[in-house]
Structure formats: C-alpha cells, structure tokens
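K.L.:
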Amino acid sequence: EDLDATEHAVIGEGEESEDDDRKATPCKWLVFVLIAWASMTVLHIACCIVPIILGRRLLQVSPLPVLHDFNAFGLGYYLVWEAVLCVRYAILHLHMVADHRMWQECKTGLVMGLKCALIV
Numbered sequence: 007e008d009l010d011a012t013e014h015a016v017i018g019e020g021e022e023s024e025d026d027d028r029k030a031t032p033c034k035w036l037v038f039v040l041i042a043w044a045s046m047t048v049l050h051i052a053c054c055i056v057p058i059i060l061g062r063r064l065l066q067v068s069p070l071p072v073l074h075d076f077n078a079f080g081l082g083y084y085l086v087w088e089a090v091l092c093v094r095y096a097i098l099h100l101h102m103v104a105d106h107r108m109w110q111e112c113k114t115g116l117v118m119g120l121k122c123a124l125i126v
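Its first residue numbered 7, the sequence shown is counted upward by one per residue in my numbering.
#1: Report the rounded CA-to-CA distance for residue 53 versus residue 95, giving the unit in angstroms.
#2: Quick one: residues in its chain with C-beta nearer than 8 Å to the C-beta of residue 82, no 5 flanking neighbours on either side, listed in chain order?
#3: Go ahead and pull the three-state DSSP assignment for residue 68.
#4: Could you pull out every residue in the same chain whose Cβ sits closer than 8 Å to the Cβ of residue 79, ignoring the five residues on either side in sequence?
#5: Leaving out five residues before and five after residue 28 in sequence, what residues of the same chain have Cβ atoms less than 6 Å from its Cβ?
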C-alpha cells in the first residue's frame with residue numbers, strides 16, 4: 007500500500023510540472039518575441055541615427071553647406087562603411103601575419119628536426 011501511494015504522488019507531481027510548463031510556454035514565447043522586437047528596433051534606430059550624427063558632425067567641421075539630412079546620412083553611412091572595411095582588412099592582415107609567423111615557426115622546427123635527424 008505504501009508503494010502505491012508513493013507512485014501516485016510521483017505521477018501527480020509530474021503532471022503538475024507539465025501543466026506548469028504548458029502555462030509558462032506562452033509567456034516564454036511572448037518574452038522572446040518582445041526581446042527580439044526591442045533588439046531589432048534598437049538596431050534599426052542605430053543604423054539610421056549613427057550615420058546621420060556622424061555626417062552632421064563632419065559637415066559642421068567642413069566648409070561644405072549642410073543641405074539636408076540625406077546628405078549627412080550619405081556621408082555618415084560612407085564613413086561607417088569605410089570604418090567596417092578598415093576593421094575587416096586589419097583583421098585579415100593580422101590573420102595573414104599570424105599565419106606567416108606560424109609557417110615560419112613550423113619551418114624553423116622542421117629544419118631543426120631535420121638537422122637533429124641528420125646528426126644522429
């Protein structure tokens with residue numbers, strides 16, 4: 007009799023946790039969708055605002071007249087694009103330098119290994 011009561015208690019606990027999971031799942035999805043929406047909104051705003059701010063600052067410093075925000079956006083977008091390309095090329099350059107150094111170390115190790123093999 008005691009074993010039957012324990013089995014029923016375990017089954018009852020499992021059913022309650024499944025019900026809790028079923029109730030919590032829509033809330034989890036809602037939170038996920040809200041976080042995704044907020045992230046995309048911030049990203050889109052940043053993609054529009056940052057180039058305009060950069061373009062306005064550069065146009066204020068330069069002798070060029072500020073006609074409207076479209077010019078500022080184009081100039082700022084170009085600056086952001088160039089910055090991304092510079093970072094990309096710097097990373098590629100660092101990888102090439104690292105690969106070259108690795109090859110030099112491998113070549114040095116190979117030469118020393120061959121010299122040791124020939125001496126022995």
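Just so you know, even glycine gets a beta-carbon here, dropped at the ideal spot from N, CA and C.
P.N.:
Taking the structure as given:
#1: 22 Å
#2: These residues qualify, in order along the chain: 56, 57, 58, 59, 60, 61, 62, 64.
#3: In this structure, residue 68 counts as coil in the three-state DSSP scheme.
#4: 54, 57, 58, 61
#5: none
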